[in-house]
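K.L.:
Positions -17 to 127 (the working numbering) are the ones given, in order, by the sequence shown.
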Amino acid sequence: MLVSPTTLLVALRTITNLWRYEQQSRNAQQIADRASRLYDKLRLFVEDMAALGQNLDKSQVSYRQAMNKLASGRGNLIAQVEGFRSLGVEVKRTISTNVAEQALLSAEANDETGRLSQQPEAMQTDIPTSGEQPASADVGISNKL
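(1) Does the structure place the region 54 to 66 close enough to the region 11 to 31 that three or more beta carbon pairs sit under 8 Å?
(2) Among the residues of its own chain, which have a CB less than 7 Å from the CB of aspartate 93, if the five just before and after it don't count?
(3) Would the beta-carbon of alanine 85 fall within 7 Å of that of alanine 61?
(4) With distances taken between CB atoms, is the gap from glutamate 64 to alanine 82 smaller than 7 Å?
(5) In this structure, does DSSP put threonine -12 in helix, strand or coil?
(6) Consult DSSP for valine 43 and reduce its assignment to one of helix, strand or coil.
(7) Distance check for isoleucine 77 and glutamine 106, CA to CA, integer angstroms please.
(8) What residue does the alpha helix (DSSP H) around isoleucine 60 start on, and which one ends it?
(9) When you compare only the Cα positions, how much space is there between glutamine 12 and arginine 25?
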C-alpha cells in the first residue's frame, strides 16, 4: 500500500483501529474460554455439593438409627445400663440426666404399650358408643351435659 503525506494519518488511524479490533477479538476469545472453564468448575462443584447432600442425608438416617438403639424404644442401651445403677453398680460419672431420663421414659412407654397389646381381649373394657350408657356404674361420665 502506497501512502502519501496526505493519507498517512488516515492510514495510521486505520491500522491502529485494526490492531485494536484484533486485540478485542483475542480478549473476547479469552473471556469465552475462561467462562467455559468457570462453568465447568461450577458444574463439578454443584455435582459435588449434591453428592455431599445425599451423603449427609444418609449419615443423618444412620445417626437416627444409632440414637434409636442407644436411647429409645424397649431395651435401649441407656435404659439397660441405668438399670445397673439402680441395682447398686457404682459409676465414676453418670450419663447426662436429660438423655438418661428420655431413654428411661421411652423404655417405660414402649413396655407399657407392649403390655397393653398383649392383654387378652376379655380383659379389655368395652367403650360405649355415643348414645349408649356405660355398662358399669363406676365409669361416672355421663353423656348428658
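Glycine included, C-beta positions come from ideal geometry on N, C-alpha and C.
P.N.:
Taking the coordinates as given:
(1) no
(2) Arg56
(3) yes
(4) yes
(5) coil
(6) helix
(7) Reliability of the predicted coordinates at glutamine 106 is poor, the pLDDT of 47 falling under 50, and the value obtained from them is presented with this limitation in mind. Computed Cα separation, rounded: 38 Å.
(8) 59 to 68
(9) 20 Å
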